[in-house]
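**Q**
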Amino acid sequence: MKAFVAGEGHARPDGSGRAGWTRRLLLCLPWPLLAAASCAAPGALAQDASFGCKVLLCAAASNPPWSGIPYCVPVMQQLFSQIAHGGGWPPCSEAGTSGGSIGYQPYQPCPAGSIAVSMGSGQSSYGADPSGSSCATMQDLQSYQTQLGAFNQAQGSQNGAPTQGPTFQTVQRAANPNPYYVDLNAGGAVTRFFFNPAPP
447 MKAFVAGEGH ARPDGSGRAG WTRRLLLCLP WPLLAAASCA APGALAQDAS FGCKVLLCAA
507 ASNPPWSGIP YCVPVMQQLF SQIAHGGGWP PCSEAGTSGG SIGYQPYQPC PAGSIAVSMG
567 SGQSSYGADP SGSSCATMQD LQSYQTQLGA FNQAQGSQNG APTQGPTFQT VQRAANPNPY
627 YVDLNAGGAV TRFFFNPAPP
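Counting the sequence shown from 1 gives a position; my numbering is that position plus 446.
(1) Is residue 515 helix, strand or coil when you go by DSSP?
(2) So, does the stretch 611 to 625 touch the stretch 588 to 599, judging by three or more C-beta pairs under 8 Å?
(3) Tell me, to the nearest whole angstrom, how far the beta carbon of residue 619 is from that of residue 553; I am working on the premise that it is less than 8 Å.
(4) Using a Cβ-Cβ cut-off of 8 Å (strictly less than) and excluding sequence neighbours within five positions of residue 550, which residues of its own chain qualify?
(5) Closer than 7 Å by C-beta to residue 631: which residues in its own chain qualify, once you throw out the five before and the five after it? Chain order, please.
(6) What does the Cβ neighbour count give for residue 623, buried or exposed, with the cut at 16 atoms within 10 Å?
(7) Does the beta-carbon of residue 558 have 16 or more other beta-carbons within 10 angstroms, so that it is buried, or is it exposed?
(8) Scan the stretch 579 to 634 and note each continuous beta strand (DSSP E) run of 3 residues or more that stays entirely inside, going in chain order.
(9) Given that a residue counts as buried once 16 or more other Cβ atoms are within 10 Å of its Cβ, and exposed if not, what is residue 584?
(10) Please name the residue or residues paired with residue 564 in a DSSP beta bridge.
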């Protein structure tokens, strides 16, 4: 699955007529096998496009981002209003993409060689958790769990039980500046698009 982020180096199309605009939209959006080096800013003719395609066009804007393009501001504000009221991401039939429900990923990925972990609600030990707010190496997690098992077993003994459990070193996960995402399906190829409802 491919992934791209709103406002990070994605091109924007222009066009002459709806057909030309749609062709440029297909070339400029970062779907697999559909990439272009550069495109111009969206023009008034893009008004003929469906709402879902307007959203894709504006979400892919980078320099300036959508908040700096007068045409895009009301489009994205309408999108975020729909999302706030429980709506999903609109489809764009011209680009062959289906809509999708909105997901939330508040943290950036853990560094290479580590995994996300958390201390579960009502629990006193750490475990692997894709949504966890901390990172740790798998080796450290396995060592911690082994020591924790020995500690818990010793607690059942009447003599010489340790009074303090094992320590576990974790690193706080960095916050994701674009925490919302939608998985868009274009001809069987799924692309995860990250975005932030707040203007850049």
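Positions of the beta carbon are idealized from the N, C-alpha and C atoms, including for glycine. For clarity, every value in this text was computed on a predicted model and none was experimentally measured.
**A** Quick answer:
(1) Residue 515 falls in the coil class under three-state DSSP.
(2) Segments in contact, yes.
(3) A Cβ-Cβ separation of about 4 Å places residue 619 in contact with residue 553 under the 8 Å criterion.
(4) Cβ neighbours of residue 550 beyond the five flanking positions: 625, 626, 627.
(5) 543, 544.
(6) When all chains shown are included, residue 623 counts as exposed.
(7) Its Cβ having fewer than 16 others within 10 Å, residue 558 is exposed.
(8) Segments of the beta strand (DSSP E) lying fully in the stretch 579 to 634: 580 to 583, 626 to 632.
(9) Counting the other Cβ atoms within 10 Å of the Cβ of residue 584 gives fewer than 16, which makes it exposed.
(10) BP columns for residue 564 point to 573.
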